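Undergrad: Input: one structure, supplied below.
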Amino acid sequence: MIRAIPSSKFFLHVCAKQSAGWVLGDFCRLVALQLCSSGSIRRAMSFSPKRKGTYEEILHHRSQQSDVGWSLRSYTPPQYRYCSPRRPIDVGTAVLASPIIRHTVLQLSEEDGSSVERLEQEAEAIVKEMGHDLGMGAIRLFAFVLSKAWRRIYKAIYVNSEHLTKLQGLCKDYPVLLLPSHRSYMDFLLMSYVCFAVNLPVPVITAGADFMSMKGVGSLLRKSGAFFIRRQFGSDKLYWAIFTEYVQSLVRNGDAPVEFFLEGTRSRAQKSMGPKLGCLSAALEPYFKGEVADIYVVPIGISYDRLLEETLYAYELLGVPKPKESTSGLLKARHVLSGDYGNIHVSFNAPISVHEYFRAGVDRSVHATLPRYMSSHSVEEVACTQSLAVDVLLQQQKAIVLSPWSLVAAILLQHSQPGGMGVAERSQLEGVGVAELAEEVHWLKLQLENFGGRINWPGGYTTEAILMDTLTVHSDLVSVSNENRVYLKHVDDVKSKNAALDPVTMATAVRHLTLALYRNQLLHVFQNLGLVALVVTGSQENEISLEDLYKKFMFLRNLLCKDFIFRPCDVEKDFNGVLLGMKHTNAIVQENNHILVAPSVNKCTVFMSRMFEPFLVAYWVLCQFLLTHNRASWKIRDIIEGTQGLEAAMLNHGMLHHYEILSLELLSNAVNGLIHCGAICREKAANGNPSLLAKPFELSKVATEIASMVTVPTCDDAAAYVKILAVPLSAKL
Amino acid sequence: MVLPLLKDWMLNNFNVNLDYVRPAQPEFSAADLPSPVINKPFLEDLQTSGLEHSLDCHDRLFRAHGHTLNEIWALREGSFNRIPDLVAWPTSQVEVMQMVQLANKHNVVIIPFGGGTSVTQALECPSTETRMIISLDTSQMHKILWLDEENLTACLESGVTGKEIEQRLASRGFCLGHEPDSYEFSTLGGWVATRASGMKKNIYGNIEDLVVLVRTVTTRGLLEKSCNAPRTSSGPDLHHAILGSEGTLGVVTEVVVKIRPLPECQKYGSVVFPCFQDGVSCLREVARQRCAPASIRLVDNEQFVFGQALKPENNSLVQSFLDGIKKAYLTRWKGFDINKMCVATLVFEGTLKEVEAQEKRVYETAGKFGGLPAGEENGERGYFLTYLIAYIRDMGLQYGIIAESFETSIPWDRVTDLCHNVKDRLRRECKAMGMQHEPFASCRVTQLYDAGACVYFYFAFCIRGLSDPVKAYEEIESAARDEILACGGSISHHHGIGKIRKKWLKQSISGVGVDVLQSIKRTLDPQNIFGNGNLFDAAVPISKL
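In order, the protein sequences belong to chains L and V.
Those letters in the first sequence? Residues 0 to 732, by numbering that gives the first Met the number 0.
Those letters in the second sequence? Residues 0 to 544, by numbering that gives the first Met the number 0.
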């Protein structure tokens, strides 16, 4: 049985019942429970003061102590100055009456002869399916229930206040887009909760249509501001038109801030994914067409000390499908309500003025000669939107406050000796001493701070105290023995639905991936550093010229472009920046445009290169898989699953050690990265379906390049490969 | 006249300190002005011809500027580095032809000068001009040459001002009906040269609708049509080459215009709306129904409040009591927000019956958009304000407040957004320049068309602490114009290009369009005698290189 079903849904469910008025029993029991228990969490409160720098705690510390009083308090958020107030249902009416929808309906009717009435009915149905129903009632109910529930499991919710005053002012003058990172189901509720708490207008939120079908929950979410977008609607012109007009209507009139997730979906691997531009470009169109003076975009980084979905994510990454969102699923996830989930940090970054951002690059007057409803983004607008999206993701990352546990996870995952037994294995068998671990954590924390990472590190405590605190939060994964040794816990009760992975492999992989999730949260800080480190530590020469280093750095950036967020135009800036940083911290030694290899292979570079090694190994296996299978065309699914099978076999034979390479998301990024590098080519098959073509020459070049930087099985093992390959694949092909 | 409320308004809006004054500098003496460039053979020929002219420095200075902010600033606190070298006052078309021939012969520049009310730096002498510059003042050509009651046309000389025209036509029972805000000073020739627009264009039309025939003296001779027929199809209308040419092609000397019998009745009116958007919707509906009265203007809340501040001193207790009731009725009873409401001012013209019918229709339409009739007095004050504003600007400068206006035209669906965006841009740019206090940014919709409207912006800010206020102003206005174009507005509705908007001409009419204008210029004025440098930089003839 898979345990972690997102518990956020549990709360929703509870609320849904309440609002729908049926079976109040559970809800009342819950509330009663809450009211009786003063909260198991308080124990470690000293780590979570009311104020930390610019961060303020909003869950446990508020002026109004009673939750009822707080959720019913007078709430008067700023409102957009040109907003003409309307009910949620009026948004739909306005959308249906808008020129773009009328135009699209007529056009479609001319194109395929369907009747205007039928299309209008269809449009009405879509709007009904989509529409939000934001009301203060639901918000206040959430404010109350979530306060109760969260106090049980969270030590603190911190919100940074430095940009809040400015943001409150901006909400009066301009439409605002809230763009949070998306790493948990919780983000959604959390954002509305935080907005309510800090007196910002509660946003309307684009949500995936998956929630819609949940009994009772769908309508409750609508009431708290969600509007639903189908996951796929590629060529449905009417749907597309209604979706864009719906978003734009909200932006134009500034009814409420519009919140959506740039990455499109939750990042299960816990590192930013490439942006999806549909929603952003729709939301920015009113600016391009001069319908609003400006739009402010607010990148928000949300981080959780412990994820509600941690194990679930690990399974999903390994290919066990996520359970469908259902109300009964919610009930089963109730047990999540107990336990310690540490802190949450919500970091608002400086709001970005779209006008200032686009000022130089975009000429809006090109829209002057067409009626406004005729949507057409100019080439410059598309390019600038793309660039803005990447910037927002980078800002989110920058804003994110990391948990000390990320450091621990990164260290536990490290292999002490290539080919030898890793700490992960050791810590399962003989454990790691707390003192040893604390020392490592302290060292990594220094590195992190040197390279611009933000970490939740309460002042006045020893590293060991902080370490112990974070180990307690993650007692599901680690245990501390009486001899002060840290042990990784077994994952038991593994039920693999993936034929390619046997239960033993699965168990190890789940444990590794769960750690990797937390490690991934800090990778963005070191992404450039890691690439340089890979080149330096892999070098066989005595020295590397900066030119060669740059070339290899470029190669890695291109290859890993889907796994990490880079600004393509900033390669040189990033390169020089990270070199400077590394020189200052003595991570590399440079002499006359050359890096001296021997002194540059040190703790820092070795640690960093090992942190990024698994990615390259996965890419390498994927190359090998494609090189050994001669097929005219591929489906992406076949490549990924085949590679995963190959990896599993190689892991079982002890040829590889990084179980996290089994992640399907990683492999999918690898395929796309190789497409980006030109080693795989996108084609259209005869039947019109997209297919992929492997290019052996380029693939082997990439594989050789990777092999020059990280340890991969040697050529002697080549014969073994074929044997191994035959096992899982013959079964499939 | 005493405006008791104005002081408070200024204090509130600009945070000015009335002790802080920037007095104008003493009048320029000859020594302060650039000495004239003299083309001797030309001067000798001119003296022989007996045409009236002057080299006096004040005559020259007076014609060196219009009413653009930087020109007024130069008069008050700055200096001029190029002014006309000689002023000539021809009294007839024949004398203009003589002048132009002389100039052409001696390669001397002519800048035609009418009422001097340009707000686009169109009268500014190009500082790089090394030839002698003559300011050709048309003020002595102010006769009504004839009046044709049967065809309702009149032939006027180009130097006659709007006020004179109306006075003289009125004495014979007619009117022209062209009333730009500057009509006290601006001249018929200037209107033609800038494509002027009059307040009452809904009845009488803009200048291009009013002219039947235009005579223009060019260096190649007289450009004119052969008859006073109301419309012809004879290739592209050459009147349109002259309309808006801004003195770059020749001197407009005589114009045959349409006239109308004086209206039996003229009446002001006004309507208050709960918010600007409602007002715009109402104007759009009026335009859709084509039932606009002679003039209809919608001013935004900022200007409405400003208008209230310009109420003259009120001695009667009864009057102020009534004002109080009116305000209470609107805000308490009707739910108007004093910080959002705005007002439309109206002028009705026609027979008594027509005016009555118009009033009814307009007020009915306004009612559909929440508009309430607000009396004649408010309307009249609105129009009065238009004339007053230029004087108030000069007073503002005294206290360190810079004010200027600019305008555009735009399709109906973008009017409200344009107003919001441009005002926002003005505030934003001021903030970016480090101004402590928000500027006064206000707009009004002044003209209705079938496909759109003309929007007029007022903009004022306090210059204390700015090192170069005029440059700051120009940068802000330039940003505002960028915003206008981005919103889908035009480069200008009636002020023209002059020199301040040259940089947007190509974007506005395309490169090919500029080439067409260049080739007209080349044909009519190969030596660039009419070298005031407006619209675009004339391509220098190859032979000169």
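Note that the Cβ used here is the ideal one computed from N, Cα and C, for glycine as well.
Every value quoted in this text rests on a predicted model; they were computed, and no experiment measured them.
Measuring straight from C-alpha to C-alpha, what distance separates Gly130/L and Ser70/L?
TA: In a straight line, the C-alpha of Gly130/L is about 25 Å away from that of Ser70/L.
Undergrad: Going by DSSP in three states, Ser36/L sits in which element: helix, strand or coil?
TA: Note that Ser36/L scores 44 on pLDDT, short of 50, meaning its location in the model is unreliable; the coordinates nonetheless yield the value given after this. Three-state DSSP puts Ser36/L in coil, outside helix and strand.
Undergrad: How would you list, in chain order, the residues of chain V whose beta-carbon sits under 8 Å from the beta-carbon of His366/L?
TA: Here the neighbours are Gly487.
Undergrad: With DSSP collapsed to three states, give me the class of Ile204/L.
TA: Strand.
Undergrad: Exposed or buried, which one is Lys149/L when buried takes at least 16 other CB atoms within 10 Å?
TA: Lys is not the amino acid found at residue 149/L; the sequence shown has Trp there. Flag for Trp149/L reads buried.
Undergrad: Would you mind telling me which residues of chain V sit closer than 7 Å to Tyr81/L, beta carbon to beta carbon, in chain order?
TA: In chain order: His419.
Undergrad: Take the Cβ of Asp449/V as the centre, count every other Cβ of all protein chains shown within 10 Å, and call the residue buried at 16 or more, exposed below.
TA: Its Cβ having fewer than 16 others within 10 Å, Asp449/V is exposed.
Undergrad: What is the DSSP secondary structure of Glu406/V, reduced to helix, strand or coil?
TA: Note: Glu406/V maps to strand in three-state DSSP.
Undergrad: Along chain V, which residues have their Cβ under 7 Å away from the Cβ of Ala292/L?
TA: Within chain V, the residues near Ala292/L are His419, Asn420, Asp423 and Arg424.
Undergrad: For Thr710/L, tell me which candidate among Pro598/L, Leu249/L, Val534/L and Lys602/L has the shortest Cα-Cα distance.
TA: Ranking the options by Cα distance to Thr710/L, first place goes to Val534/L.
Undergrad: Using 10 angstroms around the beta-carbon of Arg394/V, count the other beta-carbons present and answer buried if the total reaches 16, otherwise exposed.
TA: For clarity, residue 394/V is Met in the given sequence; the question names Arg instead. Met394/V should be labelled exposed.
Undergrad: Using a Cβ-Cβ cut-off of less than 8 Å, list which residues of the segment 261-284 of chain L approach chain V; keep chain order.
TA: Here the close residues number zero.
Undergrad: Where do the ends of the alpha helix (DSSP H) carrying Thr469/L lie?
TA: Thr469/L -> alpha helix (DSSP H) spans Thr462 to Val472.
Undergrad: Would you report the Cα separation of Glu428/V and Ala478/V, rounded to the nearest angstrom?
TA: The alpha-carbon atoms of Glu428/V and Ala478/V are separated by roughly 8 Å.
Undergrad: Tell me, to the nearest whole angstrom, how far the beta carbon of Ala508/L is from that of Leu663/L; I am working on the premise that it is less than 8 Å.
TA: Rounded, the Cβ-Cβ distance is 11 Å, inconsistent with contact.
Undergrad: Please compile the residues from chain L whose C-beta is within a distance smaller than 7 Å of the C-beta of Asp412/V.
TA: Under the 7 Å cutoff, chain L gives Arg371.
Undergrad: Given this structure, state the Cα-to-Cα distance separating Ser632/L from Leu512/L, to the nearest angstrom.
TA: Computed Cα separation, rounded: 31 Å.
Undergrad: Can you find a CB in chain C that lies within less than 7 Å of the CB of Gly360/L?
TA: Chain labels in this structure do not include chain C; the protein chains are L and V.
Undergrad: Assign Thr462/L to one of two classes, buried (16 or more other C-beta atoms within 10 Å of its C-beta) or exposed (fewer than that).
TA: By the 10 Å Cβ count, Thr462/L comes out buried.
Undergrad: What do you get for His376/L, buried or exposed, if any count of 16 or more other CB atoms within 10 angstroms of its CB means buried?
TA: Classification for His376/L: buried.
Undergrad: From the DSSP output, which residues share a beta bridge with Gly432/L?
TA: DSSP output for Gly432/L lists Arg484/L as bridge partner(s).
Undergrad: Please name the residue, chosen from Ser114/L, Lys165/L and Ile543/L, that lies closest to Glu590/L on a Cα-to-Cα basis.
TA: If we check each option's Cα against that of Glu590/L, Ile543/L comes out closest.
Undergrad: Taking Cβ to Cβ, would you say Gly672/L is nearer than 7 Å to Cys560/L?
TA: Yes, Cβ-Cβ distance for Gly672/L and Cys560/L is below 7 Å.
Undergrad: Can you check DSSP and say which residues form a bridge with Phe439/V?
TA: Phe439/V is bridged to Ala459/V.
Undergrad: Answer with yes or no whether the minimum CB distance from Arg363/L to chain V is below 7 Å.
TA: Judged by the 7 Å Cβ criterion, Arg363/L is in contact with chain V.
Undergrad: Measure the alpha-carbon distance for Tyr356/L versus Pro350/L and round it to whole angstroms.
TA: Going from the Cα of Tyr356/L to the Cα of Pro350/L covers about 11 Å.
Undergrad: List the whole-angstrom C-beta distance separating Met131/V from Ser157/V, where the pair is believed to meet the contact cut-off of C-beta under 8 Å.
TA: Not quite, the Cβ-Cβ distance comes to about 23 Å (not below 8 Å), so this is no contact.
Undergrad: Starting from His141/V and walking both ways along the alpha helix (DSSP H), at which residues does that stretch end?
TA: Unbroken run through His141/V: none, as it is neither H nor E.
Undergrad: For Glu290/L versus Arg251/L, is the C-beta distance shorter than 7 Å?
TA: Contact: yes.
Undergrad: Which runs of the alpha helix (DSSP H) fall wholly inside the segment 508-561 of chain L and span at least 4 residues, in chain order?
TA: Fully enclosed alpha helix (DSSP H) runs of 4 or longer: 545-558.
Undergrad: Would Gly289/L pass as an interface residue toward chain V - the criterion being a Cβ-Cβ separation below 7 Å?
TA: Chain V contact via Cβ: present.
Undergrad: Buried or exposed: which applies to Phe696/L, given that a residue is buried once 16 or more other Cβ atoms fall within 10 Å of its Cβ?
TA: Exposed, since its Cβ has fewer than 16 Cβ neighbours within 10 Å.
Undergrad: When burial is assigned at 16 or more other CB atoms within 10 Å of the CB, is Asp18/V buried or exposed?
TA: Exposed: under 16 other Cβ atoms inside 10 Å.
Undergrad: In whole angstroms, what is the alpha-carbon distance linking Ser116/L and Leu237/L?
TA: Reading off the sequence shown, one finds Glu at residue 116/L, where the question assumed Ser. Distance between the alpha carbons of Glu116/L and Leu237/L is about 14 Å.
Undergrad: With a threshold of 16 other CB atoms inside 10 Å of the CB of His366/L, please say whether the residue is buried or exposed.
TA: Classification for His366/L: buried.
Undergrad: Please report how far the alpha carbon of Val622/L lies from the alpha carbon of Asn651/L, in whole angstroms.
TA: Note that residue 622/L is Cys in the sequence shown here, rather than Val. Approximately 19 Å between the Cα atoms of the pair.
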